[in-house]
Amino acid sequence: MQGAKPKNKSQITLSQIKEGSACTIAELHLEGLLRRRIMDLGFVPGTAVQCVRKGPTGDPIAYTVRGTTIALRKEDAAKINVFMA
């Protein structure tokens, strides 16, 4: 599964935001233990997130969420839909 397509045009995936851009989590298309882990890290609907750095090949991607910087694999970030701030 490459990632879920956003339900409406105002949503994009978390992996698509550019460095320095901010967004708000809309929904997660993850299941099981990975979904729980991502949510435990603070990636829950309604939470503000900022992309702070992308790896040289675009993977992994570092995000600031609730005052903490967390790196996610691009594959996992593509399964999180966001609204641009």
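In this note's numbering, the protein residues as written are 2 to 86. Glycine residues also receive a C-beta, built at the ideal position from the N, C-alpha and C atoms. Nothing here was measured: the structure is a model prediction, and the numbers come from that model.
Backbone secondary structure at residue i - three-state DSSP
i	result
residue 76	helix
residue 29	strand
residue 21	coil
Burial state of residue i, where buried means 16 or more other Cβ atoms lie within 10 Å
i	result
residue 77	buried
residue 45	exposed
residue 80	buried
Boundaries of the beta strand (DSSP E) in which residue i is found, first to last residue
i	result
residue 81	81-85
residue 13	12-14
Practice task
Would you list, in sequence order, the uninterrupted beta strand (DSSP E) runs of no fewer than 3 residues that lie entirely inside the region 39-78?
Solution key: 49-55, 62-66, 69-73
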